[in-house]
Amino acid sequence: MRSFTRRAPLLFVLPICLFVAIAVSLWASPIPQRVHQHYLGILPIDHSDKAVSSGPNGAILRDLATNRTLGFQAILALTRKTPWRFDGLNAAANLTGLDILAPDQRGVSEERMLEFINKADFHPGNGSAIAWLSHLDLLEHIIDQNYQTALILEDDVDWDVTIKDQMRKVSEGVRALLPSPPPAEPGNHTFPAPYGMDWDVLWIGNCGENVADAMPTLKQKNATIKAWYDSTVIPHELYKGWAHNSVLQLPKGTRAALKAKGPVCTFAYAVTFEGAKKLHEFGSTAGDQAFDVKLQRLCSGETKKLECVTVIPEVFHEYKPKMPEGTSSSEINVLNRPNKLQAAGEEDEIKMGYTQNIVDSARCKAVYNMTCSENEKKAT
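Residue numbers for the sequence shown follow full-length UniProt numbering, so the first one is 1 and each next one is one higher.
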């Protein structure tokens with residue numbers, strides 16, 4: 001009996017010790033990234049670049065987003081071919097392997113501008129009206145050419161040298177946000193759609209978006225926002241612009257696609273064929289101070305008429321050359337305020353500027369063989 005009573009405590013204590021040891025080991029081990037991603041609602045677009053999309057064509061669609069038109073049928077520049085703008089755009093495109101077309105644009109006569117301005121109760125400035133009409137002309141071109149998708153770039157836009165890898169991830173994020181029917185089998189002549197086709201406007205070059213309303217849905221099946229890790233994204237604490245606090249709500253190191261809530265600035269946006277037709281129709285009347293404000297209203301709120309997706313932090317942003325006091329790199333601002341501002345001169349072409357929210361500028365790399373993120377404070 002004595003021997004039994006001595007062994008009994010050991011038989012009771014050993015299982016407890018074993019359980020504690022296992023628990024401590026599991027607690028101390030790092031949480032696998034996929035588990036961590038699932039917990040945060042983050043898409044598993046990992047460093048091996050495995051496709052999120054299920055099915056045999058998921059990887060094919062993803063890789064199409066890395067071609068010379070980033071998976072769109074065409075990339076089109078909205079440009080008056082001002083040298084520093086157009087030359088820098090082409091230099092960045094050559095560096096990163098992009099094909100950008102600059103269709104001849106008919107220009108905007110004073111008569112046409114004034115007619116447009118006076119059509120609505122709210123009158124945009126001259127520069128805003130000319131830019132607005134130029135966007136409409138390019139949308140007409142997309143419709144005439146029967147492009148099923150097209151990316152429109154303003155000619156002072158900039159992007160990261162890793163834009164193709166970034167857009168591969170954007171492709172998966174958008175398709176996860178707006179799941180489409182299975183893509184056509186290889187050999188079908190239907191235009192392949194790396195971003196799906198269930199949107200009218202894909203707003204990938206903006207100056208901010210409000211993610212607050214979407215964030216609570218991040219882990220839900222019917223989420224209105226999808227996030228993914230991207231090692232090339234600007235650290236959120238360094239994000240510049242009115243949406244700084246909004247970007248801070250995203251999980252660190254992520255980029256996101258969401259159903260548009262209130263983006264502004266049309267540095268870069270894609271349209272589907274149907275989206276181009278709708279935007280041309282609904283955007284042909286002024287009634288707002290600028291084209292991007294009109295587009296914002298068409299994308300969200302009570303005036304919503306378009307299905308729009310925003311990518312934040314953006315993958316395209318405007319480049320600003322270093323300017324003498326009293327001059328502006330914005331052609332719109334110069335035309336809106338001709339008595340107060342002068343346009344950039346040719347001498348400003350050689351003065352490196354900066355691009356906010358882009359880590360490794362393609363323009364600065366192509367033209368100056370430098371990154372211009374550290375130059376920002378000197379240029380302002």
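Glycine included, each C-beta is placed from N, C-alpha and C at the ideal position.
Just so it is clear, the structure is predicted and the values come from calculations on it, not from any experiment.
Annotated three-state conformation of Cys299 is helix, per DSSP. Beta-bridge analysis with DSSP links Ala77 to Leu153. In the DSSP assignment, Gly275 falls within the unbroken alpha helix (DSSP H) covering Phe273 to Phe282. In this chain, the alpha helix (DSSP H) harbouring Leu177 covers Ile163 to Leu177. Between Ala74 and Ala193, the C-beta spacing is not below 8 Å. Assignment of Arg106 by DSSP, reduced to helix, strand and coil, places it in the coil class. Only residues of its own chain outside the window of five on either side were considered, and among them Trp132, His135, Leu136, Leu139, Phe291, Lys294, Leu295 and Leu298 have a CB closer than 8 Å to the CB of Gly283, listed in chain order. A check of alpha carbon separations from Asn146 across Gly127, Phe273 and Ser231 identifies Phe273 as the nearest. Assignment of beta-bridge partners to Gly125 by DSSP yields no partner.
Taking Arg68 as the centre and dropping the five residues before and after it, the same chain places the C-beta of Gly97, Leu98 and Asp99 closer than 8 Å to its C-beta, in chain order. Counting only residues of its own chain and dropping the five nearest sequence neighbours on each side, Trp242 has a CB closer than 8 Å to the CB of Cys207 and Gly208. Taking the Cβ atoms as the reference, Gly205 lies roughly 18 Å from Glu307, outside the contact range of under 8 Å. With contacts defined by Cβ atoms closer than 8 Å, Gly173 and Leu43 form a contacting pair.
Per DSSP, the beta bridge partners of Leu202 are Ala270 and Val309. Under DSSP, Tyr354 shares a beta bridge with Lys320.
In this structure, Ile130 and Val108 form a Cβ contact; the two beta carbons are roughly 5 Å apart against a cut-off of 8 Å. Contact check for Leu218 and Ala227: beta-carbon distance about 7 Å, within the 8 Å limit, so the pair qualifies.
In the DSSP secondary-structure assignment, Asp160 is bridged to Ser361. By the CB criterion at 8 Å, Val201 and Lys259 fall outside the cutoff. Among the bridge pairs identified by DSSP, Arg255 is matched with Trp228.
Between Val367 and Gly88, the C-beta spacing is below 8 Å.
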